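Undergrad:
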Amino acid sequence: MAVVQDVHGHHDHHPSGIMRWVMTTNHKDIGTLYLWFSFAMFLVGGFLAMGIRAELFMPGIQILEPELFNSFTTLHGLIMVFGAIMPAFVGLANWQVPMMIGAPDMAFARMNNWSFWLLPVAGMLLISSFFVPGGAAAGGWTFYPPLSAQGGLGVDMMIFAIHILGASSIMGAINIITTILNMRAPGMTLMKMPMFVWTWLITAYLLVLVMPVLAGTVTMLLTDRHFGTSFFNAAGGGDPVLFQHIFWFFGHPEVYIMILPAFGIVSEIVPTFSRKPLFGYASMVYATASIAILSCIVWAHHMFTAGMPTVGQLFFMYATMLIAVPTGVKVFNWTATMWRGSLTFETPMLFAIGFIFLFVIGGFSGVICAIVPIDIQVQDTYYVIAHFHYVLVSGALFAIFGGVYYWLPKWCGRMYDVKLANMHFWLSMIFFNVAFFVQHFLGLAGMPRRIPDYSLQFADFNMISSIGAFGFGLSQILFLYIVIKCIRSGEKAADKPWEGANTLEWTLPSPAPYHSFETPPVIK
Amino acid sequence: MWGEYMSSKSVMALLGSATLALYSSMAFSLDETSKYFHPQPNSIIAQETYDQHIFALWICLAIFIVVFGVMFYSILKHRKSVGYKAANFHHSTVVEIIWTTIPLLILIGMAFPATKTVVAMKDTSEPDITIKATGYQWMWGYDYLQGEGEGISFFSKLSTPTAQLEGKEAKGENYLLEVDNNLVVPVGKKIRVITTANDVLHAWWVPAFGVKQDAIPGFIRDVWFTADRPGIYRGQCAELCGKDHGYMPIVVEVLEADKYAQWAADKKKASAAVVNTAAVGN
Numbered sequence: 126m127a128v129v130q131d132v133h134g135h136h137d138h139h140p141s142g143i144m145r146w147v148m149t150t151n152h153k154d155i156g157t158l159y160l161w162f163s164f165a166m167f168l169v170g171g172f173l174a175m176g177i178r179a180e181l182f183m184p185g186i187q188i189l190e191p192e193l194f195n196s197f198t199t200l201h202g203l204i205m206v207f208g209a210i211m212p213a214f215v216g217l218a219n220w221q222v223p224m225m226i227g228a229p230d231m232a233f234a235r236m237n238n239w240s241f242w243l244l245p246v247a248g249m250l251l252i253s254s255f256f257v258p259g260g261a262a263a264g265g266w267t268f269y270p271p272l273s274a275q276g277g278l279g280v281d282m283m284i285f286a287i288h289i290l291g292a293s294s295i296m297g298a299i300n301i302i303t304t305i306l307n308m309r310a311p312g313m314t315l316m317k318m319p320m321f322v323w324t325w326l327i328t329a330y331l332l333v334l335v336m337p338v339l340a341g342t343v344t345m346l347l348t349d350r351h352f353g354t355s356f357f358n359a360a361g362g363g364d365p366v367l368f369q370h371i372f373w374f375f376g377h378p379e380v381y382i383m384i385l386p387a388f389g390i391v392s393e394i395v396p397t398f399s400r401k402p403l404f405g406y407a408s409m410v411y412a413t414a415s416i417a418i419l420s421c422i423v424w425a426h427h428m429f430t431a432g433m434p435t436v437g438q439l440f441f442m443y444a445t446m447l448i449a450v451p452t453g454v455k456v457f458n459w460t461a462t463m464w465r466g467s468l469t470f471e472t473p474m475l476f477a478i479g480f481i482f483l484f485v486i487g488g489f490s491g492v493i494c495a496i497v498p499i500d501i502q503v504q505d506t507y508y509v510i511a512h513f514h515y516v517l518v519s520g521a522l523f524a525i526f527g528g529v530y531y532w533l534p535k536w537c538g539r540m541y542d543v544k545l546a547n548m549h550f551w552l553s554m555i556f557f558n559v560a561f562f563v564q565h566f567l568g569l570a571g572m573p574r575r576i577p578d579y580s581l582q583f584a585d586f587n588m589i590s591s592i593g594a595f596g597f598g599l600s601q602i603l604f605l606y607i608v609i610k611c612i613r614s615g616e617k618a619a620d621k622p623w624e625g626a627n628t629l630e631w632t633l634p635s636p637a638p639y640h641s642f643e644t645p646p647v648i649k
Numbered sequence: 007m008w009g010e011y012m013s014s015k016s017v018m019a020l021l022g023s024a025t026l027a028l029y030s031s032m033a034f035s036l037d038e039t040s041k042y043f044h045p046q047p048n049s050i051i052a053q054e055t056y057d058q059h060i061f062a063l064w065i066c067l068a069i070f071i072v073v074f075g076v077m078f079y080s081i082l083k084h085r086k087s088v089g090y091k092a093a094n095f096h097h098s099t100v101v102e103i104i105w106t107t108i109p110l111l112i113l114i115g116m117a118f119p120a121t122k123t124v125v126a127m128k129d130t131s132e133p134d135i136t137i138k139a140t141g142y143q144w145m146w147g148y149d150y151l152q153g154e155g156e157g158i159s160f161f162s163k164l165s166t167p168t169a170q171l172e173g174k175e176a177k178g179e180n181y182l183l184e185v186d187n188n189l190v191v192p193v194g195k196k197i198r199v200i201t202t203a204n205d206v207l208h209a210w211w212v213p214a215f216g217v218k219q220d221a222i223p224g225f226i227r228d229v230w231f232t233a234d235r236p237g238i239y240r241g242q243c244a245e246l247c248g249k250d251h252g253y254m255p256i257v258v259e260v261l262e263a264d265k266y267a268q269w270a271a272d273k274k275k276a277s278a279a280v281v282n283t284a285a286v287g288n
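Going line by line, the protein sequences match chains Y and G.
Per the working numbering, the first sequence starts with residue 126, numbered consecutively.
Per the working numbering, the second sequence starts with residue 7, numbered consecutively.
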């Protein structure tokens, strides 16, 4: 009897030290691992970005030889997309989805552990590929063949890393879908779910749809490289453009995979600090779903210069422009949520407003890129670089920062240093624009992307852009300091530190208990 | 009720017009002669592209001012710190239908001229001269296939001295945008450029003509342009093609009809001489 009681008493026991993290099946521990991993990758990707901007600081070749420069741009893209942004959103989902739907944990706890621990392996493969003979992959993050068929071992390591990352993403997505569909508290119908949960549900479906396509195309590349197939080689009856179609069939939904959860975070933050319910909840859900569906039929707008029939170009132009409609609905809904609210401007709200402001600029340049004749001018130039950094950095990344500041008090029961956090926002906001706004004009004036050296007319704007990039990079060290300071010595935070918040996680104590909701809350 | 907002209204009006002034001054300084904007259009397609971009920019500016005018009014006036109490409305079907329909109409307005340009861009029929541009790692090869100058064939490589790249010499005016053999075409004639590649993807891009086309190994694609004015027009490879992707510029020299005829005759004579020498050598 005593033995039985003892076993029961240790029901909650988990290993301590490093083994706690290796063996954990807890959604909060795994969420924490995801977030720290993505921050580490963010620093690696950021280091590569600093290298790129240092080389481009002035004309001529100073620090990076052209081939190494190409490896830097390639790995910067891959590490930021697959290592930093995507895992950060999965980390936020791990922490927040169970708490927001009133569940104790994720549905598949062990698979959750596995899908995280695949990531460091893939990350190490990507980073260590710099040190193998031939160097890291240098064909761009889109690794178009035949160029990607030319690289050495680094390309194979990249292919393997992408397979692993894809497997991890698919498992993560299945876990999120299952959790959301099966583990909601009684009374929480789909149309009562918080927007963050909705956007992640839709994102997870997109992941399950397109990650296998990416896995397929990198496998075809692998067999072309080593086993004599000719999927992408014209000499053997293949077609290099086929790769682009398959890649972008994954690649375009992928950009929405990186922005839909950001929409979700902003849709949580804006109502909280406006002290007013989200305007047009139902239309937000429908807009998210339509963006996801449309995102699957616009891929070839990345390929307007590859050569396509007139009808093809027109179809992809119209479909792409159509995405502006549901995206516009979202922006209008956020504005209407703020309208006649009772606004306060805590750090999460600053990041949310910064997000809306800059994401709209990225959206505008997106519409401009959708127009075929203009796209043919700006395709593969710095205009495109500016466009997607406006949606990925001031879009996805700002939303992640906003989400971290919003939920940090719930995660660790402590408040961040408000002054420093606001400073982090303003520094990021200013330096981001210094770095990327001028790149629109570089692109329009004719500077191609992925070049290590440029003609003299581009010199002054490149220098401005580099200064902005260095400032932006340094500002992120401040973020690391703020988070560590908060965890170690932040002031105690209330269970509900934000007056206007009313999703389920705020009904839990701060810090949130290990098994979020052991008895499901009842939603009226 | 509205009385108390009068002063804030004038503040907003002031802010709004200041923003407008800033953006329009930017728009006017970003004309065709600015080095930070489109190069001056030199073909009908480039001109239409330029006009559509300016049109789209004005639309974006108008939407930006409306949306952020509302948002910043809200940020200024609807704050808790000035004692504003939150309303509790959360949807309005009418408003939502309006802000779905209006953007749709605006987009149709933008798509219409673009559609006409796309159809025009694709019409490569009946060219005066056809030139094949072949991308190599890392230079361009040009073959005049049809029209005046048929049979001319040469390579075109970066001519910037290595010393300038390494910073051992001052960089020249056309640093990285100069080649040993310019592509020469006559003014006012329809030039069809067929692109292909020898090894990996490249892209043949001359901004002033509104032309950019990937060059794909094993396949051919085509584009056309008609240069409006004589002169020298510079572009670069626009598809990552390996180590020296940044070092394969495109330089097009547009000549008057008689000068072009002269150039073509000289070029043919020179290549004939080369062939003769080779024959004698054998």
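Just so it is clear, CB atoms sit at the ideal spot from N, CA and C, and this is done for glycine as well.
From a predicted model like this one, the values you see are computed outputs, not experimental measurements.
Do we get a CB-CB distance below 9 angstroms when we pair Tyr181 (chain G) with the residues of chain Y?
TA: Closer than 9 angstroms to some Cβ of chain Y, the Cβ of Tyr181 (chain G) qualifies, so yes.
Undergrad: Three or more C-beta pairs under 8 angstroms: does that hold for the stretch 268 to 279 of chain G against the stretch 227 to 243 of chain G?
TA: With a cut-off of 8 angstroms, the stretch 227 to 243 of chain G and the stretch 268 to 279 of chain G do not count as touching, because too few Cβ pairs lie within range.
Undergrad: What's the gap between the Cα of Met540 (chain Y) and the Cα of Leu533 (chain Y)?
TA: Going by the C-alpha atoms only, they are around 7 angstroms apart.
Undergrad: Determine, for Tyr42 (chain G), whether the minimum Cβ-Cβ distance to residues of chain Y falls below 9 angstroms.
TA: So yes, Tyr42 (chain G) belongs to the interface.
Undergrad: Mind pulling the chain Y residues with CB within less than 7 angstroms of Gly224 (chain G)?
TA: Here the neighbours are Ala359, Ala360.
Undergrad: If you drop the 5 nearest sequence neighbours on each side, which residues of the same chain put their C-beta closer than 8 angstroms to that of Pro245 (chain Y)?
TA: The residues are Phe162.
Undergrad: If you count every other CB in all the chains shown that lies within 10 Å of the CB of Ser420 (chain Y), and 16 or more means buried, which is it?
TA: So Ser420 (chain Y) ends up on the buried side.
Undergrad: Starting from Val456 (chain Y), follow the alpha helix (DSSP H) in both directions and report where the run begins and ends.
TA: First-last of the alpha helix (DSSP H) with Val456 (chain Y): 449 to 463.
Undergrad: Check whether chain G comes within 9 angstroms of Asp281 (chain Y), counting only Cβ atoms and requiring the distance to be less than that.
TA: Chain G, which has no Cβ nearer than 9 angstroms to the Cβ of Asp281 (chain Y), makes this no.
Undergrad: Taking the straight line between their C-alpha atoms, what separation do you get for Lys649 (chain Y) and Ser553 (chain Y)?
TA: So the two alpha carbons sit approximately 41 angstroms from each other.
Undergrad: Quick check on the DSSP output: the beta strand (DSSP E) that includes Asp149 (chain G) runs from which residue to which?
TA: Segment 145 to 152, the beta strand (DSSP E) holding Asp149 (chain G).
Undergrad: Which residue comes first and which comes last in the beta strand (DSSP E) that contains Asp228 (chain G)?
TA: From DSSP, the beta strand (DSSP E) with Asp228 (chain G) extends over 227 to 231.
Undergrad: Under 7 angstroms between beta-carbons, which chain G residues line up against Lys401 (chain Y)? List them in chain order, please.
TA: Neighbours of Lys401 (chain Y) on chain G, chain order: Ala92, Ala93, Asn94.
Undergrad: Check whether chain Y comes within 9 angstroms of Phe74 (chain G), counting only Cβ atoms and requiring the distance to be less than that.
TA: So yes, Phe74 (chain G) belongs to the interface.
Undergrad: What does a CB cutoff of less than 6 angstroms around Met282 (chain Y) pick up in its chain, not counting 5 residues either side in sequence?
TA: Within the same chain, Met282 (chain Y) has close Cβ partners Leu250, Ser254.
Undergrad: With a CB to CB cut of under 7 angstroms and the five nearest residues on each side skipped, what residues in its chain are close to Ile607 (chain Y)?
TA: The answer, listed in chain order, is Tyr541, Asp542, Leu545, Ala546, His549.
Undergrad: Who pairs with Gln242 (chain G) in a beta bridge, going by DSSP?
TA: Paired residues: G:Pro255.
Undergrad: Sorted by chain position, which residues of the same chain lie with C-beta nearer than 6 angstroms to Gly654 (chain Y)'s C-beta, five sequence neighbours on each side aside?
TA: Absent from the structure is residue 654 (chain Y), since the part of chain Y shown begins at 126 and ends at 649.
Undergrad: Within 10 Å of its beta-carbon, does Pro386 (chain Y) have 16 or more other beta-carbons around it, so buried, or fewer, so exposed?
TA: When all chains shown are included, Pro386 (chain Y) counts as buried.
Undergrad: Using a Cβ cut-off of 8 angstroms, pull out every chain G residue sitting near Ile493 (chain Y), in sequence order please.
TA: Neighbours of Ile493 (chain Y) on chain G, chain order: His59, Ala62, Leu63, Cys66.
Undergrad: Express the C-alpha separation of Ser392 (chain Y) and Thr472 (chain Y) in angstroms, rounding to a whole number.
TA: Roughly 15 angstroms between the two C-alpha positions.
Undergrad: The beta strand (DSSP E) with Leu552 (chain Y) in it runs from where to where?
TA: Premise fails: Leu552 (chain Y) lies in the alpha helix (DSSP H), 543 to 570, not in any beta strand (DSSP E).
Undergrad: Have a look at Y:Thr506, Y:Phe556, Y:Ala570, Y:Gly276 and flag the residue whose alpha-carbon is nearest the alpha-carbon of Pro258 (chain Y).
TA: Answer by Cα proximity: Y:Gly276.
Undergrad: Please report the residue range of the beta strand (DSSP E) in which Trp220 (chain Y) lies.
TA: Not the beta strand (DSSP E): Trp220 (chain Y) falls in the alpha helix (DSSP H), residues 211 to 226.
Undergrad: Counting pairs of beta carbons, one from the stretch 169 to 181 of chain Y and one from the stretch 138 to 158 of chain Y, are three or more of them closer than 8 angstroms?
TA: No: the two stretches stay apart, fewer than three of their Cβ pairs being nearer than 8 angstroms.
Undergrad: Please state the DSSP three-state secondary structure of Pro191 (chain Y).
TA: Three-state result, Pro191 (chain Y): helix.
Undergrad: Who pairs with Ser220 (chain G) in a beta bridge, going by DSSP?
TA: The sequence shown places Asp at residue 220 (chain G), not Ser. Answer is G:Ala209.
Undergrad: Using a Cβ cut-off of 8 angstroms, which residues of the stretch 190 to 204 of chain Y contact any Cβ in chain G, in chain order?
TA: Residues Pro191, Glu192, Asn195.
Undergrad: Just to make sure I have the definition right: I need the residues of chain Y whose C-beta is within less than 8 angstroms of the C-beta of Ser80 (chain G). Which are they?
TA: Residues of chain Y passing the Cβ test: Thr460, Met463, Trp464, Arg465, Gly466, Leu468.
Undergrad: Please classify Arg198 (chain G) as buried or exposed, where buried requires at least 16 other C-beta atoms within 10 Å of its C-beta.
TA: Counting Cβ neighbours within 10 Å, Arg198 (chain G) comes out buried, since at least 16 surround it.
Undergrad: In chain Y, which residues lie less than 7 angstroms from Arg227 (chain G) when you measure between Cβ atoms?
TA: Within 7 angstroms Cβ-Cβ: Gly432.
Undergrad: Less than 9 angstroms between CB atoms is the rule here; does Leu207 (chain G) satisfy it with respect to chain Y?
TA: Leu207 (chain G) counts as touching chain Y.
Undergrad: Where does His251 (chain G) land, buried or exposed, given buried means 16+ other C-beta within 10 angstroms?
TA: By the 10 Å Cβ count, His251 (chain G) comes out buried.
Undergrad: Apart from the five residues on each side of it in sequence, which residues of its chain come closer than 8 angstroms, Cβ to Cβ, to Asn307 (chain Y)?
TA: Excluding sequence neighbours, Asn307 (chain Y) sits near Ala232.
Undergrad: Decide if Asp272 (chain G) is buried, meaning its Cβ has at least 16 other Cβ atoms within 10 Å, or exposed.
TA: Classification of Asp272 (chain G): exposed, given that the 10 Å Cβ count is below 16.
Undergrad: Are the stretch 46 to 56 of chain G and the stretch 492 to 502 of chain Y in contact at 8 angstroms, needing three or more beta carbon pairs?
TA: Contact holds: three or more Cβ-Cβ distances are below 8 angstroms.
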